[in-house]
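Colleague: Using the working numbering, you'd call the opening residue of the sequence shown number 60 and step up by one each time.
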Amino acid sequence: MTLAPFGARLRQALDTRGQLCVGIDPHASLLSAWGLGDDLAGLETFSRTVVEALADRVAVLKPQAAFFERFGSKGVAVLEKSVAEAREAGALVLMDAKRGDIGSTMAAYAEAFLSPGSPLFSDAVTVSPYLGFGSLRPALDLAREQGCGVFALALTSNPEGAEVQRAVGAAGEPVAASVLRQLAAENADAAPLGSFGAVVGATLADAGVDLAINGPLLAPGIGAQGATMADLPRVFGASVLNVVPSVSRDVLKHGPSVPALREAAERFVGEFADAVK
């Protein structure tokens, strides 16, 4: 059964569960802070606890694929289980893989995360457009076909990103602006929200580009990187209600207590609601 378009499913999730994406980022320091080993057993416990605590109440969970892949095939098996269980509990799963390539290789990446027959099938995936936006076509087409979403890197929260993202292309348009313009074209006439989103850091002093893409705007950088929910109206302006604020460490640091993880997530949902009143 083909899913309803991702944008419509995301809009409903944000409206009913609150605007928050929580990362599943089992890096070594967090495993240690939880009293877990930096090993497969620690990975399994960490991931299972986050899914148990949050998958039935937050809009989006965003596993970072690299933190699972570093354990090899057994780590990927934990990721597969986490994705399936999170989706079964009602969360939308955004696979943070940042894949980018051309032709059949890009198509294979798309199939890994956006094909219903894949063990890693997710509701959406992050991609890198820096081999040219057209290189994303296999992922964009498969996502549209399967009711999934794609989030392309546009203006990321790391300061180094500006080297490429703020650079001006041959047509005189900043690279990030070109990515956003082409995402807007993919979302043309979609309602209530397009399925093709951009990654735009909440840490930006000034986006300086048109963020009205009729699609979701994943906003990393809240919490440990210094941004707050109160910053979002300034950065995103009229598009703020399409923002998916992403918080990882400032929620995950409250584990392994399930009640504490839930309380932290609820606090960020409330902070967003207060910021956009």
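Beta carbons are placed, not taken as given, at the ideal position from N, Cα and C, and that holds for glycine.
Here the structure is a predicted model, which is why all the values come from computation and not from measurement.
#1: Return the residue from the list 290, 274, 320 that minimises the CA-CA distance to residue 111.
#2: Just grab the DSSP bridge partners of residue 276 for me.
#3: Is the CB of residue 278 under 8 Å away from at least one CB in chain D?
#4: Is the Cβ-Cβ distance between residue 234 and residue 223 less than 8 Å?
#5: Have a look at 125, 143, 106 and flag the residue whose alpha-carbon is nearest the alpha-carbon of residue 316.
#6: Tell me which residue opens and which closes the alpha helix (DSSP H) that residue 333 is part of.
#7: Report all residues from its chain with a CB closer than 6 Å to the CB of residue 101; omit the five preceding and five following residues, and keep chain order.
#8: Please classify residue 232 as buried or exposed, where buried requires at least 16 neighbouring CB atoms within 10 angstroms.
#9: Please confirm if the segment 280 to 299 is in contact with the segment 233 to 252, defined as three or more CB-CB distances below 8 Å between the two stretches.
#10: Are residue 186 and residue 228 close, meaning C-beta to C-beta below 8 Å?
#11: Quick one: is residue 336 buried, meaning 16 or more other Cβ sit within 10 Å of its Cβ, or exposed?
#12: Taking the straight line between their C-alpha atoms, what separation do you get for residue 304 and residue 80?
#13: My guess is that residue 211 and residue 188 are in contact by the Cβ rule of under 8 Å, so how many angstroms apart are they, rounded?
#14: May I ask you to list the residues that DSSP assigns as paired with residue 210?
#15: Between which two residues does the beta strand (DSSP E) harbouring residue 102 extend?
#16: Mind listing, in chain order, the continuous alpha helix (DSSP H) runs of no fewer than 4 residues lying wholly within the segment 107 to 187?
#17: From the DSSP secondary-structure annotation, give me the bridge partner or partners of residue 233.
#18: Just grab the DSSP bridge partners of residue 81 for me.
#19: My guess is that residue 153 and residue 181 are in contact by the Cβ rule of under 8 Å, so how many angstroms apart are they, rounded?
#20: Could you tell me the boundaries of the alpha helix (DSSP H) in which residue 202 lies?
#21: Could you tell me the distance, in whole angstroms, from the CA atom of residue 267 to the CA atom of residue 296?
#22: Hey, how far is the Cα of residue 69 from the Cα of residue 287?
#23: With distance defined between alpha-carbon atoms, name the residue in 271, 194, 155 nearest to residue 307.
#24: Count the other CB atoms within 10 Å of the CB of residue 275; is the residue buried (16 or more) or exposed (fewer)?
#25: By how many angstroms is the C-alpha of residue 163 removed from the C-alpha of residue 269?
#26: What's the C-alpha gap between residue 149 and residue 257?
#27: Which residues mark the beginning and the end of the alpha helix (DSSP H) in which residue 75 is found?
#28: Thinking residue 331 and residue 310 are a contact (beta carbons under 8 Å), I'd like their distance in whole angstroms, please.
#29: Given that a residue counts as buried once 16 or more other Cβ atoms are within 10 Å of its Cβ, and exposed if not, what is residue 264?
Modeller: Taking the definition as stated:
#1: Taking the first residue of the sequence shown as 1, we reach residue 111 at position 52. Here the closest residue by C-alpha is 320.
#2: In the sequence shown, counting from the first residue as 1, residue 276 sits at position 217. Residue 276 pairs with 257, 302.
#3: Note that chain D does not occur in the displayed structure, where there is just one protein chain.
#4: Position 175 of the sequence shown, counting from 1, holds the residue named residue 234. Position 164 of the sequence shown, counting from 1, holds the residue named residue 223. Yes. Within cutoff.
#5: By 1-based counting over the sequence shown, the position of residue 316 is 257. Residue 106 is the option with its Cα nearest to residue 316.
#6: Counting from 1 along the sequence shown, the entry for residue 333 is found at position 274. Counting along the chain, the alpha helix (DSSP H) containing residue 333 begins and ends at 317 to 334.
#7: Here residue 101 refers to the residue found at position 42 when the sequence shown is read from its first residue. 90, 95.
#8: Translated into positions along the sequence shown, residue 232 becomes position 173. It counts as exposed.
#9: no
#10: For the purposes of this step, residue 186 is taken as residue 127 along the sequence shown, with counting starting at 1. For the purposes of this step, residue 228 is taken as residue 169 along the sequence shown, with counting starting at 1. Not closer than 8 Å, so no.
#11: The sequence position of residue 336 within the sequence shown is 277, counting from 1. Result: exposed.
#12: Against the sequence shown, residue 304 aligns to sequence position 245. Against the sequence shown, residue 80 aligns to sequence position 21. So the alpha carbons of these two residues sit roughly 6 Å apart.
#13: Numbered from 1 along the sequence shown, position 152 holds the residue referred to as residue 211. Numbered from 1 along the sequence shown, position 129 holds the residue referred to as residue 188. The pair is a contact, with the Cβ atoms about 5 Å apart (cut-off 8 Å).
#14: Mapped onto the sequence shown, residue 210 falls at position 151. Answer by DSSP bridge pairing, in chain order: 185, 256.
#15: For the purposes of this step, residue 102 is identified with residue 43 of the sequence shown, where counting begins at 1. It is not in any beta strand (DSSP E) - residue 102 instead sits in the alpha helix (DSSP H) that spans 99 to 113.
#16: 124 to 128, 131 to 147, 162 to 173
#17: In the sequence shown, counting from the first residue as 1, residue 233 sits at position 174. Answer by DSSP bridge pairing, in chain order: 227.
#18: Position 22 of the sequence shown, counted from the first residue, corresponds to residue 81. Its beta-bridge partners are 120, 306.
#19: Locating residue 153 in the sequence shown gives position 94, counting from the first residue. Locating residue 181 in the sequence shown gives position 122, counting from the first residue. Their Cβ separation, rounded to whole angstroms, is 7 Å, which keeps residue 153 and residue 181 in contact under 8 Å.
#20: Sequence index remark: in the sequence shown, residue 202 carries index 143 (1-based). Residues 196 to 205.
#21: In the sequence shown, counting from the first residue as 1, residue 267 sits at position 208. In the sequence shown, counting from the first residue as 1, residue 296 sits at position 237. In a straight line, the C-alpha of residue 267 is about 11 Å away from that of residue 296.
#22: The sequence position of residue 69 within the sequence shown is 10, counting from 1. The sequence position of residue 287 within the sequence shown is 228, counting from 1. When rounded, the distance between both Cα atoms is 22 Å.
#23: Position 248 of the sequence shown, counted from the start, is the residue given in the question as residue 307. Comparing Cα positions, the closest option is 155.
#24: Sequence index remark: in the sequence shown, residue 275 carries index 216 (1-based). With 16 or more other Cβ atoms within 10 Å, it is buried.
#25: Here residue 269 is taken as the residue at index 210 of the sequence shown, counted from 1. Here residue 163 is taken as the residue at index 104 of the sequence shown, counted from 1. Approximately 32 Å, taken between the alpha carbons.
#26: As a first step, residue 149 is located in the sequence shown; it is residue number 90 there, counting from the start. As a first step, residue 257 is located in the sequence shown; it is residue number 198 there, counting from the start. Distance between the alpha carbons of residue 149 and residue 257: 23 Å.
#27: Within the sequence shown, residue 75 is the residue found at index 16, counting from 1. Here the alpha helix (DSSP H) through residue 75 covers 65 to 76.
#28: On the sequence shown, residue 331 is found 272 positions in, with the first residue counted as 1. On the sequence shown, residue 310 is found 251 positions in, with the first residue counted as 1. Residue 331 to residue 310, Cβ: 13 Å. No contact.
#29: In the sequence shown, the residue the question calls residue 264 occupies position 205. Exposed.
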